[in-house]
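Reading through the structure tokens given below for one structure.
Protein chains: 2
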Amino acid sequence: MKRLTTLFAAAALLVAGRLSAQEIQNFQRSAPLVSPELTATTITFRLRAPQATDVRVQPSWLGYGPEAAEAGKMTKGENGVWTKTFDRPASELYTYTFSVDGVSTLDPANIFVQRDGTRFMSAVLVDGGLGDLYKECDQAGNLEHVWYWSGTPGMNRRMYVYTPYGYDKNDKDKKYPVLYLLHGGGGDEDAWSTLGRTCQILDNLIARGEAVPMLVVMPNGNPTQRAAQTLMVPEKRDVPRGSSNFDNYASLPADIVPYIEANYNVIKDRSGRALAGLSMGGGQTFYTGFRHVDMFSSLGMFSSGLLGSLGSIGSFDAEKEMPGIYSNPAKYNKFDVIYISCGEQDERIKGNKDVVDQLRAKGYDVVWESCPGGHEWRVWRINLASFARKIFK
Amino acid sequence: MKRLTTLFAAAALLVAGRLSAQEIQNFQRSAPLVSPELTATTITFRLRAPQATDVRVQPSWLGYGPEAAEAGKMTKGENGVWTKTFDRPASELYTYTFSVDGVSTLDPANIFVQRDGTRFMSAVLVDGGLGDLYKECDQAGNLEHVWYWSGTPGMNRRMYVYTPYGYDKNDKDKKYPVLYLLHGGGGDEDAWSTLGRTCQILDNLIARGEAVPMLVVMPNGNPTQRAAQTLMVPEKRDVPRGSSNFDNYASLPADIVPYIEANYNVIKDRSGRALAGLSMGGGQTFYTGFRHVDMFSSLGMFSSGLLGSLGSIGSFDAEKEMPGIYSNPAKYNKFDVIYISCGEQDERIKGNKDVVDQLRAKGYDVVWESCPGGHEWRVWRINLASFARKIFK
Chain A
0 MKRLTTLFAA AALLVAGRLS AQEIQNFQRS APLVSPELTA TTITFRLRAP
50 QATDVRVQPS WLGYGPEAAE AGKMTKGENG VWTKTFDRPA SELYTYTFSV
100 DGVSTLDPAN IFVQRDGTRF MSAVLVDGGL GDLYKECDQA GNLEHVWYWS
150 GTPGMNRRMY VYTPYGYDKN DKDKKYPVLY LLHGGGGDED AWSTLGRTCQ
200 ILDNLIARGE AVPMLVVMPN GNPTQRAAQT LMVPEKRDVP RGSSNFDNYA
250 SLPADIVPYI EANYNVIKDR SGRALAGLSM GGGQTFYTGF RHVDMFSSLG
300 MFSSGLLGSL GSIGSFDAEK EMPGIYSNPA KYNKFDVIYI SCGEQDERIK
350 GNKDVVDQLR AKGYDVVWES CPGGHEWRVW RINLASFARK IFK
Chain B
0 MKRLTTLFAA AALLVAGRLS AQEIQNFQRS APLVSPELTA TTITFRLRAP
50 QATDVRVQPS WLGYGPEAAE AGKMTKGENG VWTKTFDRPA SELYTYTFSV
100 DGVSTLDPAN IFVQRDGTRF MSAVLVDGGL GDLYKECDQA GNLEHVWYWS
150 GTPGMNRRMY VYTPYGYDKN DKDKKYPVLY LLHGGGGDED AWSTLGRTCQ
200 ILDNLIARGE AVPMLVVMPN GNPTQRAAQT LMVPEKRDVP RGSSNFDNYA
250 SLPADIVPYI EANYNVIKDR SGRALAGLSM GGGQTFYTGF RHVDMFSSLG
300 MFSSGLLGSL GSIGSFDAEK EMPGIYSNPA KYNKFDVIYI SCGEQDERIK
350 GNKDVVDQLR AKGYDVVWES CPGGHEWRVW RINLASFARK IFK
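Protein chains in written order, with numbering that gives the first Met the number 0: chain A, 0 to 392; chain B, 0 to 392.
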């Protein structure tokens, strides 16, 4: 605000002809840049870096190889401002950083910053298509950062709970279904609501009538973590990890579902519970979902590495972990929706497709979806929207 | 995680003597840095920037002038890693950025990032004193991002609601008091819970028995904003602004207090309502609090510019806006706590002290506090903790 006020004051003095040449130069140097600037046909990035010798922009649509670094080279102009204009890319939510003499930086002109694991990136939403699903909807649901006692690992942990627009704490008669939504490796309880755009996707789908109003519960699935490391909470290192990450998801039926059902106006049987996750969370969904067939009515597994390995690597023995999954499918074949997806450029795709074939061969009705993309958020946002449209109907 | 795994694998190979010189060099280049590194007597910052010619660190305890820039100069060492070690500063929450050839960047080795208005900064908590109040407490309250209909400006708006550890939605018999807490100019509903450390301060004070369990409600006080601009929500530009910012706070008694009292287990009379704010929010507190003496029982005004101008500039006519505040103090002198504070290096201090004198001369019991610091968060965190200790007792 102070900067804007200064700018307007300087602009007024400029018009009044009361500034010296030096003052005008100072004013030009301090004028805030517009970056990124989106027009109907172009997108332009700008960074003021008069002392730098090599400045590049790395937008996510270019990818991350040496060719992308070359394509992102910016040109130095007046007042030390570096500029690069691209054709306007397809409607999407993109991330980008600048590289200034080899060091990655955010765009100081852009307040829209997103975190992916330990990295922070500037973001830009190109609207007019798919990206519209990721924009704030005027009918927005709430997001709660909830601490709950998790008896399974024995610690207070944080999860995020989305309640849809119109959810009324006081209206105990209106009951909502719940989607339990799990993050991937390197993620945490914050991931789905930031780069995953869960709140915006659900708000928009519900407002358009494409999904039913539902709660979305986003726990932290890292066995030793109480909460996202952005909170600087020391990890609980003495948590027994057992044989794998998936053991941790004993916590879901034991701690999380009971907490949600005690504290929210939700449907308390399997018809009102769905489970989905990406990557590690997709494996947790497969493992936990099939082992608790009486708890969840729909399962969504996005880009699962577990399924990816099942078909092509074979390190996980599904029949051993879920006895009868293939030999006695009637025991498990009770789901309304079994949804499996993977990006076309994700190396996990073959294994996931193999599992789809194996399940279908045993009579399971599996929805299989793929779309362009690797092991990345643009795929998982599409998966979430697609899965949310199908469940609780 | 992938990076850590790679590192451990490389370390194992190093120990086993299986890496070539080139491979060792690659490993050293990619090894993650520790920054900041805190010891009992020092703090060290590190940044890898082999191509850069001038790298500085700007920690908040140095201030922001040319001397600070000089004091922050880093030294280039092996592998292009720049380093700077300082004596360990007093226990506090500090922010810092790096300057790489004149461009400001975050510390890529540090996941603890905080926003102040439009700026993002790396942060470091130096514990062992005051800073301990700003650390996560194991008994943590929840934080809700709540959208509510604000009839006054006519739009859905977002506010944050903190509920203390142990707050139970289902226990309607247990009623909590509520602190309404307002941000300053350039801030928004997100400000108090990030750099303001509201959740951690309340969690720690309540756990220590120094404050009573209370809710804290943090609305957005910018008249045209629906929510923090990090959400990329278009501002509602047609909102009538009236004569000043303070008109907007018609929204507090008309929209916000009724919403909270309809949706939370709270005390519904003035004994259970306090109002406080920093800078612009301090002015809003003074204006709204005195005009609604039957609504709030305690007021906290931190570094208020309005009060700052009252005494020394005199642009705001308190007697005109609140008829009788000085001529008929019995009408207003019903508060349990009137708390006014300002940093010792804040230019607003004289005006604030003058108002304290004027109010005291009319018989108001005013708590006046000051501490080292300018117009900045380290002062307001101390003010919040101090005010929270005094209210609802």
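For every residue, glycine included, the Cβ atom is placed at its ideal position computed from N, Cα and C.
Subject >> Straight-line gap, Ser303(B) to Ile200(B) (C-alpha atoms, nearest Å) >> reply: 21 Å
Original post:
Grouping DSSP H, G and I as helix and E and B as strand, with all else coil, what is Ile381(A)?
Top reply: helix
**OP:** Taking only the alpha-carbon atoms, compute the straight-line gap between Asp137(A) and Glu91(B) and give it to the nearest angstrom.
**Re:** 39 Å
**OP:** Compare the C-beta of Ser187(A) against all C-beta atoms of chain B and say whether one is closer than 7 Å.
**Re:** Looking at the sequence provided, one finds Asp at residue 187(A) rather than Ser. By this cut-off, Asp187(A) is not an interface position.
Subject >> Where Phe44(A) meets chain B, residues with beta-carbon distance less than 8 Å >> reply: Chain B residues near Phe44(A): none, gap ~14 Å exceeds 8 Å.
**OP:** Name, going along the chain, the residues of the region 89-117 of chain A whose beta-carbon falls closer than 7 Å to a beta-carbon of chain B.
**Re:** Val99, Asp100, Gly101, Val102, Ser103, Thr104, Leu105, Pro107, Ile110, Phe111, Val112 and Thr117
Original post:
Below 7 Å between beta carbons: does that hold for Met158(A) and Val145(A)?
Top reply: yes
Original post:
Cα-Cα, which of Arg118(A), Pro49(A), Gly101(A) and Tyr133(A) is closest to Ala68(A)?
Top reply: Gly101(A)
Original post:
Where does the unbroken alpha helix (DSSP H) through Cys370(A) begin, and where does it stop?
Top reply: Element bounds for Cys370(A): not the alpha helix (DSSP H) but the beta strand (DSSP E), Val365 to Cys370.
Original post:
When DSSP builds the beta bridges, which residues end up paired with Thr74(B)?
Top reply: Thr82(B)
Original post:
When the Cα atoms are used, what is the spatial distance from Phe26(A) to Asn78(A)?
Top reply: Note on Phe26(A): pLDDT 45, under 50, position unreliable in the model; the coordinate value appears next. Cα-Cα distance, rounded: 11 Å.
Original post:
How about Val232(A) and Arg225(A): do their beta carbons lie closer than 7 Å?
Top reply: yes
Subject >> Euclidean distance between Cα positions of Val259(B) and Arg45(B) >> reply: Correcting the residue type first, residue 259(B) is Ile in the shown sequence and not Val. Whole-angstrom Cα-Cα distance: 46 Å.
Original post:
How would you list, in chain order, the residues of chain A whose beta-carbon sits under 8 Å from the beta-carbon of Met120(B)?
Top reply: Those do not exist, as Met120(B) stays about 11 Å from chain A at its closest Cβ, beyond 8 Å.
**OP:** Tell me Ile348(B)'s beta-bridge partners as DSSP assigns them.
**Re:** Beta-bridge pairing links Ile348(B) to no other residue.
**OP:** Report back the beta-carbon spacing between Ile337(A) and Leu358(A) to the nearest angstrom; my notes put them in contact at under 8 Å.
**Re:** 7 Å
Subject >> Within chain A, the residues that Asn155(B) reaches when beta carbons sit closer than 8 Å >> reply: Asp137, Gln138 and Ala139
Subject >> Alpha-carbon spacing of Lys134(A) relative to Leu124(A), whole angstroms >> reply: 8 Å
**OP:** Assuming Ala401(B) contacts Thr287(B) (C-beta within less than 8 Å), just tell me the rounded distance between them.
**Re:** Since the displayed chain B opens at 0 and closes at 392, residue 401(B) lies outside it and no answer follows.
Subject >> Own chain partners of Lys267(B) with C-beta closer than 6 Å, once the 5 adjacent residues on each side are dropped >> reply: Glu260
Subject >> Assumed close pair Tyr95(B), Pro65(B) - CB separation to whole angstroms, cut-off 8 Å >> reply: No, Tyr95(B) and Pro65(B) are not in contact; Cβ-Cβ is about 17 Å, not under 8 Å.
Original post:
Are Arg388(B) and Ala210(B) close, meaning C-beta to C-beta below 7 Å?
Top reply: yes
Original post:
Taking all protein chains shown into account, do 16 or more other C-beta atoms lie within 10 angstroms of the C-beta of Ser270(B), making it buried, or fewer, making it exposed?
Top reply: exposed
Original post:
In its own chain, which residues sit with a C-beta less than 7 Å from the C-beta of Gly184(B), not counting the 5 before and 5 after it?
Top reply: Ser278 and Met279
Original post:
Name the chain B residues whose beta carbon is nearer than 9 Å to that of Asn262(A)?
Top reply: Asp167, Lys168 and Asn169
Original post:
Who are the Cβ neighbours of Thr84(B) in its own chain at under 6 Å, not counting the five residues just before and after it?
Top reply: Thr41 and Thr43
Original post:
Among Tyr164(A), Val365(A) and Trp148(A), which has the Cα closest to the Cα of Ala139(A)?
Top reply: Tyr164(A)
**OP:** Under 6 Å Cβ to Cβ from Ser340(A), same chain only, skipping five residues before and after it: list those, please.
**Re:** Phe301, Glu368 and Asn382
Subject >> Inter-residue spacing [alpha-carbon to alpha-carbon] between His291(B) and Leu214(A) >> reply: 37 Å
Original post:
Looking at the C-beta of Trp146(B), does it have a partner C-beta in chain A at a distance below 7 Å?
Top reply: yes
Original post:
Is the beta carbon of Tyr331(A) less than 7 Å from the beta carbon of Phe289(A)?
Top reply: yes
Original post:
Given Ser385(B), which residues of its chain have a CB within under 8 Å of its CB, disregarding the five upstream and five downstream residues?
Top reply: Tyr338, Ser340 and Glu368
Original post:
Taking Gly307(A) as the reference, which of Thr197(A), Ala317(A) and Asn351(A) has the closest Cα?
Top reply: Asn351(A)
Subject >> is_contact[Gln283(B), chain A] using C-beta, thresh 7 Å >> reply: no
**OP:** Return the residue from the list Arg207(B), Gly362(B) and Trp376(B) that minimises the CA-CA distance to Trp60(B).
**Re:** Trp376(B)
Subject >> alpha helix (DSSP H) runs wholly inside the region 215-287 of chain B, at least 4 long, in chain order >> reply: 256-262
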